[in-house]
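Peer 1:
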Amino acid sequence: MYSRIYDSIKNQLQEILQDKHDITTELVWSKPHSSNLGDLSFPLFNVAKATSLTPQDLGKELIENFSLTNIIDRLELKGGFLNLFFNQNEFAKLILSEIISLDKYGKSNLKEKKRIIVEHTSANPISPLHIGNIRNSILGDVIGRLYRFLGAKVNLRYYVNDLGRQIAPVIIGYFLLNNDGVKPDTKIDIWIGKIYALMNTFLEIYQIKSEFESLSLIPNKESSSYELSKAELKYYQAKLDTSSFDQQQKERMLKQLQKLLRVQNSLKEKLSELYLQLKNLLDLNIEDLDDLANKYLVSYLAGEDKKIVDKFRKVTQDTLSGHTETLNLYNIYHDDFDWESEVSWGGEVGKILAQLDKKGFLRHDGQALLLENDKLASQLGFKEKYNINYEIPDLILVNSEGIALYPCRDIAYHLHKLEKFDADYCINVIGKDQQLAQLSVRTALYGLGEHAIADKILHYDYEIVTLIGGRMAGREFEYVTCDELFIMAKNEIETILENRDYSAVIKEDIAKKVSISSIRYSILKIDPQKTVTFDAKKAVNPNENTGPFLQYSYARALNILQKAPEKGIDADSIIKSAKQINFDIKKEIEWKMISLMEELPFVLKRALTQLKPDFVANYAFSLASAFHKFYDACPVLIAEDKDSLDTRIAIVFSFTKCLESLFEVMGIDILEKM
RNA sequence: GAUCCCGUAGCUCAGUUGGAUAGAGCACCAGCCUCCUAAGUUGGGGGUCGCGAGUUCGAAUCUCGUCGGGAUCGCCA
């Protein structure tokens, strides 16, 4: 572990306060903005109040009793602040020789004994990953990386939601096409995403048409059950106007019809060939899509019909292989996949419901069952423990048709999730929109008497991502996929690389790594609690972006070290004997570099304890920014004297060590040249 | 209506447990490659930190109120 110089200074001051005044009021330090106010600053107002001295008098006393070390030059008093000035050369020697001596600077054993599960991405396995998913994946990935870097054993899991209602039509469509000999014309998950958008629309059109049919309002029996025409819409509209429905109902149905027509036509345009193929296959083969889809889903839920199970697994596995490919492109890897269907087949949902019911935590409404969150949480001390002082709403567990909904399986899943890795705790990266459902997993576990498990689960929530012109809709094939985003970024980078003198292979490698860093950084830098409207153009614009800026600073630093022999400088031996360097810091920016590099281990620690990857991203930016300024202001290889040369070599090398650590945590690739 | 999150420069965002004169990037204007890669750097303009109270030596930061945006709150996941 790193013990911080700042803390030891604070402790010494604290001891003086204890000795002289018998007070333990805590001093806080901060870094002053301006260098003439010193390097470290202690406001004395609060402490002075406890001693009944003025801040000035207390300050004088502290200065008199403080024993300076070789690393501290002097203490000064200014306006109630005790300002400390380091001996910059000694400080540099201490910090830089430490950085140089370590294999990975900032790596620690803070979480050494901990075993952590991080669940992330967990996207529906029927469409490709899009930019709404990628925030989840990147945050989860970096949290995992942070834990690993700080010594924990990390298990990254993907929960496959393969029991969604929308899934069955996709299976039907996929095999209709497959049996007809239609082959995927693109990456498999994108192909399945197309089928999903189409089948879902066909199903909705079928459903609304059936609704009208059941009211004997059908215009033309010859037309397809899966297609809606403008004429039909007009006909329905007229019928609605004269119908006995109340106004609200009329409006709802009309709105739905209009939306479906719009979506249908946009899909027809975007996916014209596939649209026709699928529609024709449905017309020929499927009489009642709604009924068939229900039968498929019910069968899969039971898991008894092997043929059906295999069909579902084929499609979802295919989609997941596409997800994995995309994730790997983005430097994201999972260790394990958990299937919602397997949780369902485990048969525990029924037992859980019975148990909760027996304890009186379920409210019945017909066949529907609701988890009485607030009652449960109050009775079992959950609200008190987690400091919840509002009323928690009930959550529907079973719908009025008696079908157990998603949260039931999530509860069952979490009952055994931690066992899978013998984990000390489990972090679920899931959007904020699922706050209530996620909270209910924990309250329900309390209800089952599993307090210990519930206390080990953390819902890591983040705000959703929206597109510039509105939300992303998978059902309308209306999204930017992560694969597309990557291509967009890469195209931008490639135009910059055109006038570089690198081979095609190297250019390709650089373009790939820069693109990924650009996208990863643009997401990482933002506080997860902020909603983002994603602007693909900006995420991809090299001028706007910091990922490449970081990589470039590394390449520049490395370049200096690599060029050293040409100038007859043995950088390696300077670095090896860093402790013998007569550090000579001449410029403010050199000191700034050292002062910033000192912070790294503590930034990582803070990012981990607060689960804020953006701390790491923003710190990395300040450091790289300082380096670029240093690079400009302080020539290294043609430094004016030996001491300055040695100092700067040590700074440059230490900087590369810092970035190596930061890149590892952020999942950004190192580039030796750009 | 209730609950949670957000509101800082034209745009995108930083701003540690309250600390000294609120910071970057983009965009705009004007400079810097005979010197380690200009994906860089220097300078300039641009802010009543949504608004109003309160707490205190001190508030962008804490409390209360208020306005605005997003999400959730009984059958999607």
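Okay, so the first sequence: first residue is -4 according to this note's numbering, each after it adds one.
Cβ atoms here follow ideal geometry from the backbone N, Cα and C, with glycine treated the same way.
Buried or exposed for Thr541, please, with buried defined as at least 16 other CB atoms from any protein chain shown within 10 angstroms of its CB.
Peer 2: So Thr541 ends up on the buried side.
Peer 1: State yes or no: is the C-beta of Leu35 within less than 8 Å of the C-beta of Gly54?
Peer 2: Taking 8 Å as the Cβ cut-off, Leu35 and Gly54 do not qualify as a contacting pair.
Peer 1: Going by the beta-carbon positions, is the gap between Asp664 and Asp609 smaller than 8 Å?
Peer 2: Contact flag unset, no.
Peer 1: Is the CB-CB distance between Tyr191 and Val149 below 8 Å?
Peer 2: No, Cβ-Cβ distance for Tyr191 and Val149 is not below 8 Å.
Peer 1: So is Gly469 buried or exposed if we call it buried at 16+ other beta carbons inside 10 Å?
Peer 2: So Gly469 ends up on the buried side.
Peer 1: Which of the three DSSP states is assigned to Val436 in this structure?
Peer 2: Helix, per DSSP.
Peer 1: To the nearest angstrom, report how far apart Leu197 and Tyr230 are at their CA atoms.
Peer 2: Going by the sequence as given, residue 197 is Phe instead of Leu. Distance between the alpha carbons of Phe197 and Tyr230 is about 19 Å.
Peer 1: Is the distance from the Cβ of Cys403 to the Cβ of Val344 below 8 Å?
Peer 2: Closer than 8 Å, so yes.
Peer 1: Let me know if Arg257 comes out buried or exposed under the rule of 16 or more other beta-carbons within 10 Å of its beta-carbon.
Peer 2: Per the 10 Å Cβ criterion, exposed.
Peer 1: How do the segment 96 to 108 and the segment 63 to 77 stand: do at least 3 beta-carbon pairs fall below 8 Å, yes or no?
Peer 2: Not touching, per the Cβ criterion.
Peer 1: Any contact of the segment 648 to 665 with the segment 602 to 622, i.e. 3+ C-beta pairs under 8 Å?
Peer 2: These segments touch.
Peer 1: Which runs of the beta strand (DSSP E) fall wholly inside the segment 319 to 387 and span at least 3 residues, in chain order?
Peer 2: Segments of the beta strand (DSSP E) lying fully in the segment 319 to 387: 331 to 334, 357 to 360 and 363 to 366.
Peer 1: In three-state terms, what does DSSP make of Pro543?
Peer 2: Helix, per DSSP.
Peer 1: Can you check whether the CB of Ala163 is closer than 8 Å to the CB of Tyr270?
Peer 2: Not closer than 8 Å, so no.
Peer 1: Look at the alpha carbon of Gly101 and the alpha carbon of Asp638, and state the distance between them as a whole number of angstroms.
Peer 2: Cα-Cα distance, rounded: 27 Å.
Peer 1: Give me the Cα-Cα distance between Gln51 and Lys26, rounded to the nearest whole angstrom.
Peer 2: Roughly 20 Å between the two C-alpha positions.
Peer 1: What is the rounded straight-line gap between the Cα of Asn174 and the Cα of Gly168?
Peer 2: Cα to Cα, Asn174 sits roughly 10 Å from Gly168.
Peer 1: If I'm right that Leu151 touches Asp330 with Cβ under 8 Å, what's the distance once you round it to whole angstroms?
Peer 2: Right, their Cβ atoms sit about 5 Å apart.
Peer 1: What's the gap between the Cα of Ile112 and the Cα of Ser267?
Peer 2: Each residue's Cα considered, the two are about 44 Å apart.
Peer 1: Considering Cα atoms alone, identify which of Val137, Leu462 and Lys533 is closest to Met483.
Peer 2: Answer by Cα proximity: Lys533.
Peer 1: Using a threshold of 8 Å, state whether the C-beta atoms of Tyr420 and Val338 are closer than that.
Peer 2: No, Cβ-Cβ distance for Tyr420 and Val338 is not below 8 Å.
Peer 1: From this set, Gln429, Ala645 and Thr49, which residue's C-alpha is nearest Ile564's C-alpha?
Peer 2: Checking every option, the nearest Cα to that of Ile564 belongs to Ala645.
Peer 1: Can you check which of these residues, Phe86, Ser395 and Glu667, is closest to Ile501 by C-alpha distance?
Peer 2: If we check each option's Cα against that of Ile501, Glu667 comes out closest.
Peer 1: Out of Ser373, Ala226, Asn394 and Leu158, which one is the CA nearest neighbour of Gln253?
Peer 2: The shortest C-alpha separation from Gln253 is found at Ala226.
Peer 1: When we look at the beta-carbon of Arg495 and count the other beta-carbons within 10 Å, is it buried (16 or more) or exposed?
Peer 2: It is exposed - the Cβ of Arg495 has fewer than 16 other Cβ atoms within 10 Å.
Peer 1: If you measure between the beta carbons of Ile425 and Arg437, is that distance less than 8 Å?
Peer 2: Not a contact, by the Cβ cut-off of 8 Å.
Peer 1: Tell me the residue span of the beta strand (DSSP E) that contains Phe80.
Peer 2: Counting along the chain, the beta strand (DSSP E) containing Phe80 begins and ends at Phe76 to Phe81.
Peer 1: In the DSSP output, which residue or residues are listed as bridge partners for Glu71?
Peer 2: According to DSSP, Glu71 bridges with Asn78.
Peer 1: Pull the bridge partners of Ile112 from the DSSP assignment, please.
Peer 2: According to DSSP, Ile112 bridges with Asn150 and Cys421.
Peer 1: May I have the straight-line CA-CA distance separating Tyr455 from Asn275, to the nearest angstrom?
Peer 2: So the two alpha carbons sit approximately 45 Å from each other.
Peer 1: How about Phe622 and Met588: do their beta carbons lie closer than 8 Å?
Peer 2: It is a contact, given that the beta carbons lie within the stated cut-off.
Peer 1: Pick helix, strand or coil for Ile633, following the three-state DSSP scheme.
Peer 2: Ile633 falls in the coil class under three-state DSSP.
Peer 1: For Asn260, which option in Glu593, Gly298, Ile200 and Asp286 has the closest C-alpha, if you only look at C-alpha atoms?
Peer 2: That would be Ile200, whose Cα lies nearest to the Cα of Asn260.
Peer 1: Taking the C-alpha atoms as reference points, what is the distance between Ile387 and Lys427?
Peer 2: Approximately 16 Å between the Cα atoms of the pair.
Peer 1: Check whether the Cβ atoms of Val393 and Leu364 sit closer than 8 Å, and answer yes or no.
Peer 2: Yes. Within cutoff.
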